[in-house]
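Please read the structure below before turning to the comments.
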Amino acid sequence: MRYSRFFIPTLREVPAEAEVVSHKLMLRAGMIKKLASGVYNYLPLGLIVIRKVEDIVRRCMNEAGAIELLMPSVQPAELWKESGRWNYYGKELLRIKDRHDREFCYGPTHEEVITDVVRSFISSYKNLPINLYQIQTKFRDEVRPRFGLMRGREFVMKDAYSFDMDDAGANISYENMRQAYCRIFEACGLKYKVVDADTGSIGGSFSHEFMVLADTGEDFVISCDSCDYSANLEKAVCVDEYTKSADELKPSEDVETPRAKTVEEVAAFLNVPSASIAKTMIVRVDEKLVGIMVRGDHEMNMAKVKNYFSATTVELASHEEIEEATGGPMGFSGPVGMKVPVYGDFAVAAMVNYCVGANLKETHTLNVNHGRDFEFADVDDFRNANPGDKCCQCGGKYVITKGIEVGHIFKLGTKYSASMNATFLDNEGKRQPFIMGCYGIGVTRVAASAIEQNHDEKGIVWPVQLAPFKVCVVPLAVKDEEVMKNAEVIYNTLNRMGLEPIIDDRDERAGVKFNDAELIGIPVRITIGKKTLEKGCVEITVRKTGITEEVPVEGCTERAAAILQELSQNC
RNA sequence: CGGGAUGUAGCGCAGCUUGGUAGCGUACCUGUCUUGGGAACAGGUGGUCGCAGGUUCAAAUCCUGUCAUCCCGACCA
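Sequential numbering of the first sequence, starting at 18, is according to the working numbering.
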């Protein structure tokens, strides 16, 4: 590629809209351009990188025996009504109508469509298992798109769906995908972690997430410091490690706590540790209101609540609902006299003589005790894990790191095949629903997270595998015949060697070219200047280390190849 | 959806308090000169100041509404 004939609109300054590194650098490097909130143009340089990710994904998926197809991005409402998700999916589903007023949606995922395809054509166990995938643009009307490609509304995703005749087969398909995913992220040169995950609204029985570790990640990964357990925050199990204090129960008393609503405010006002306070959150589980109590220094985990009640929706109650449930205003809820059932976290169940809201304006009650003042409907794990908590597998300690979810695999079971009547005949001639799995990779998000993980103050430092160009040939004096002649020879040789070079043939000053090459993150730069050429040499600079070496013109391309080889192995 | 903020040239920003010819840097174009780390000089192109109302002789500036974007939170295969 010739730089002068290509289209890389780099920016010297960061557009004000960008907050995180990958977003800033993608804008500055001329990879993307925003069209609307969460909707981006993929400019040529960005597209090359996205295609690289797609190629790796495609290769690994094919090797794993999956078969590519392409489904429509616009889907009829009927299929979604059939699976029950038309109502369930909520506002994230972009619903549209055609000219005949028929309802459609822009596909956020394709379980319905693939199930429809498979039930139409596969009716015998002899054709199973099968794993079909596509790489396609999705649209999810996110409440708050942010961070550029990291959380866009429109994005490119690889989604695969497996169909098996029985549970054992489905487990094999799942494991097969898990391994394929590891190969994919390794091939992309990313540092990642596989974690236990909640199944969320896609449903199903178990699930793993693939997290790229980066400080700017939106997800928290809980892992154990002494075994291989890791899970996302929603899922990470908090064990009941508490022993109830044998302290004598004190009589309870109401105290006024003016203007103190939050646990921190109450703790500060009463001058007690927040761990001696129990907060009571009113949540709406489907249509029912319940109270959930967690220790003041803990956070309630909505996913755990949702799973405990096997609910479809769990939301924090509105102010009106809180008054309805407690008879008191928001901020002062407590379990005593509550009109709805109260559930306690393990940690609360071990507390004695604790402080709770009194269900009265600006009042809390001290020395409350369950068993005496109120009863729990049940006790379970309802909170987020904290660093230092006991590992649920080995008793080690949890540590917390940030990650970006780039892949998610689910074992779906018969969720869709049952609701959509997708069946086959088994070897006894009996009709059975397919056992399904689904497997997603955020292709555009992989590109963004690669930048989060690989950058410095000068710009992007692409892993060789994802670099839009592998070598940047920089002739310093475009008008110098000797320099240009050598640059062209080197460039052509690199091209023949398949090293995907770009030659910066622009009539720009050295600084401009160096800065752009560094910004867009080309792994290896070959600099051809008059001075070094007089010695029969060129310079090779490695983007990642910044180290420059002088090598003879003869053999400089082989040296570049060797460096690239080494770089891709170190990833 | 709750809270906060911002919309002025491709990008980054000033001007608004106290209404009176729309500015700076960068990018872009032309020329001279320069050429190993974002050169210099000279000249130039480009904006109905987000949009719609209102107040006023006069609105980027004041008022009302609206739209868009961003941040925090809630939510999220």
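Think of the CB as a built atom: it goes at the ideal place given N, C-alpha and C, for glycine as much as any other residue.
- At a cut-off of 4 residues, the continuous stretches assigned as alpha helix (DSSP H) that sit fully inside the stretch 24 to 82 are 38 to 45, 61 to 80.
- Boundaries cannot be given for Tyr20, as no beta strand (DSSP E) includes it and DSSP labels it neither H nor E.
- Rounded to the nearest whole angstrom, the C-alpha separation of Thr565 and Glu556 is 6 Å.
- Three or more pairs of CB atoms, one per stretch, sit closer than 8 Å, so the stretch 417 to 424 contacts the stretch 222 to 229.
- Boundaries cannot be given for Phe391, as no alpha helix (DSSP H) includes it and DSSP labels it neither H nor E.
- The alpha carbon of Ile519 has as its nearest neighbour, out of Pro346, Arg542, Val570, the alpha carbon of Arg542.
- Check the Cα spacing between Glu34 and each of Met18, Leu266, Ser21, Ala53: the tightest is with Ala53.
- DSSP places His127 in the coil class of the three-state scheme, outside both helix and strand.
- Met78 places its beta carbon less than 8 Å from that of Ala177.
- Comparing alpha carbon positions, the residue from Leu111, Gly47, Val134 closest to Ser434 is Val134.
- If you check the CB distance, Asn288 and Asn401 do not come in under 8 Å.
- In this structure, the CA atom of Ala248 is about 36 Å from the CA atom of Phe486.
- In this structure, Pro352 places its C-beta atom within 8 Å of the C-beta atom of Thr297.
- For Phe441, no alpha helix (DSSP H) run applies; the uninterrupted beta strand (DSSP E) run containing it begins and ends at 440 to 442, by DSSP.
- DSSP lists Leu306, Glu332 as the bridge partner or partners of Arg301.
- Put simply, the stretch 529 to 542 touches the stretch 476 to 484. At least three CB pairs are less than 8 Å apart.
- Residues of the same chain with a CB within less than 6 Å of the CB of Met48, apart from the 5 flanking positions on each side, are Leu60, Leu62, Gly63 in chain order.
- In the DSSP assignment, Asn384 falls within the beta strand (DSSP E) that extends over 380 to 385.
- In the displayed model, Lys98 falls within a helix according to three-state DSSP.
- The way I'd put it, the stretch 488 to 502 doesn't touch the stretch 435 to 447; fewer than three beta-carbon pairs between them come closer than 8 Å.
- The C-alpha of Asp72 lies about 38 Å from the C-alpha of Pro404.
- Gln196 sits in a helix when the DSSP states are folded into three classes.
- For Tyr259, the secondary structure class from DSSP, reduced to helix, strand or coil, is coil.
- Residues of the same chain with a CB within less than 8 Å of the CB of Glu273, apart from the 5 flanking positions on each side, are Glu379, Thr380 in chain order.
- Cα atoms of Glu338 and Asp245: separation of roughly 43 Å, rounded to the nearest angstrom.
- A contact between stretches requires three or more CB pairs, one per stretch, nearer than 8 Å, and the stretch 111 to 130 fails this requirement with the stretch 182 to 196.
- For Gln449, the enclosing beta strand (DSSP E) has its first and last residue at 448 to 450.
- In the DSSP annotation of this structure, the continuous segment of the beta strand (DSSP E) that includes Lys114 starts and ends at 111 to 114.
- For Ala465 against Met167, the beta-carbon gap comes to about 5 Å, under 8 Å, which counts as contact.
- Counting along the chain, Phe486 sits inside no beta strand (DSSP E), nor does DSSP assign it H or E at all.
- In the three-state reduction of the DSSP assignment, Met317 falls in the strand class.
- For Met167, the secondary structure class from DSSP, reduced to helix, strand or coil, is helix.
- Burial is judged here by how many other beta carbons sit within 10 angstroms of a residue's own beta carbon; Cys411 has fewer than 16 and is exposed.
- Just measuring C-alpha positions, the residue of Met437, Lys496, Gln470, Tyr371 sitting nearest Lys561 is Gln470.
- Beta bridge pairing from DSSP links Glu120 with Lys114.
- Tyr191 carries a helical assignment under DSSP once its states are collapsed to helix, strand and coil.
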